[in-house]
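Following the numbering used here from start to finish, the sequence shown increments by one per residue and tops out at 293. Just so it is clear, CB atoms sit at the ideal spot from N, CA and C, and this is done for glycine as well. Working notes, structure below.
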Amino acid sequence: MRMAYLILAHDNAAQLGRLVERLLVSGNEDIAIIHADRASLLWPELEGELPGPAGRVHLIADPVTVRWGHWSQVAAVSKLVGEALRLGCDAAHLISGADWPLLPRAALAQEMARGMCHIEVRPGHLEERMQTYRFDTRYLRLDPQEDARAYAVTWQLRRLARWGDGARRLLRLDRARPFGPWSYGATWWSLPADALQILGEILPCTLASGRLNGTVCSDEHVIPTIIGAHFPERIAPNRRFVDFPHGASSPRTLTCEDTPALEASGAFFARKFDMGRDPFFLDLPRS
């Protein structure tokens, strides 16, 4: 089985290099494909030199600038999916540069050979993110101290958006649901080749249609909805270890104190890790 690791990254080249080395063990044909945020310093650095075994690591040549909560996240994933299909693989795993594998490679390949779609799919959850229309989706993580004027403007944009949504409801002009009711799921997933092919066909058309404009966190809705609609009998647990503190929008950074829970989790991957803060994960069981 040839697996493709689709990596979204924006910083920390040293840790990304260690991740690629861990993933691409000798004796198989697995590949890594990296989308480095166009606005980051990582992208030009990787253009100069890629980590890992020669010929098995591929860099997206035309990356997008990824903004939190914006449809640009879906655009980045679409580029990774397209490249994986071009290069060929039997299964693919979408991960971040701050992830780390927890299963030996042989065990991971055995699980993926079952043909299941390891992705979170929760029908109807937070569907309003996709059905309302926000005008400030390019600016969802402005710092009110550093970007005070722009931050104030976003509140006016939100007021306009609420007025527009109210008018749309009165006129019964709901936004389209091209794949049925929207589902919710974590951004990260592990999929077999046939599910990846469906994404490769649908995602570019969805992006080109403009349907994702004005949505919030569409990366947590579009792919779960597509996979849930096409493979309802093949949905399996996502098997990712992530710890979100209550009310937080990002998972906490894991430390050595989490080792017992990580080893007992049975997860494919975990996030997030920071080699500069606690490099304990580098010594987790090897493939």
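A distance below 6 Å between beta-carbons, with the five flanking residues on each side excluded, links A115 to the following residues of its chain, in chain order: M7. CA-CA distance, L218 to S84, rounds to 13 Å. For H41, the pairing in a beta bridge is given by DSSP as L14.
A242 is not a Cβ neighbour of F185, given a cutoff of 9 Å.
Look at C211 here: in three-state DSSP terms it is helix.
Within 10 angstroms of the beta-carbon of Q79 lie 16 or more other beta-carbons, which makes it buried. A straight line joining the alpha-carbon of A98 with that of L179 spans about 38 Å. Annotation: the continuous beta strand (DSSP E) that includes V63 extends over V63 to L65. In the displayed model, M7 falls within coil according to three-state DSSP, outside both helix and strand. Between the alpha carbons of I208 and L288 lies a gap of roughly 37 Å. Residue burial is scored here from C-beta neighbours: F250 has fewer than 16 other C-beta atoms within 10 angstroms and is therefore classed as exposed. R128 has its alpha-carbon roughly 32 Å from the corresponding atom of A45. Exposure of H252 is indicated by the presence of fewer than 16 other C-beta atoms within 10 angstroms of its C-beta.
Comparing alpha-carbon positions, the option among V31, D68, E27 and D36 lying closest to G58 turns out to be E27. Closest in C-alpha terms to A199, from the list L30, V87 and G23, comes V87. Looking only at I229, A82, R168 and N34, the smallest Cα-Cα distance to I40 is reached by A82. Between S271 and the set R283, P257 and V248, the nearest pair of CA atoms involves V248. Put simply, the backbone Cα of E126 is about 29 Å away from that of R164. Secondary structure of A192 (DSSP, three-state): coil. By a beta-carbon distance limit of 8 Å, G121 contacts R240. Their separation comes to about 7 Å. Approximately 12 Å separates the beta-carbon atoms of T265 and F279; this is outside 8 Å, ruling out the contact. A distance of 9 Å or more separates the beta carbons of T212 and V222. Judged by DSSP secondary structure, S102 falls within the beta strand (DSSP E) whose first and last residues are A97 to S102. Distance from the Cα of R111 is smallest, within the candidate group G94, L91, L65 and A10, for A10.
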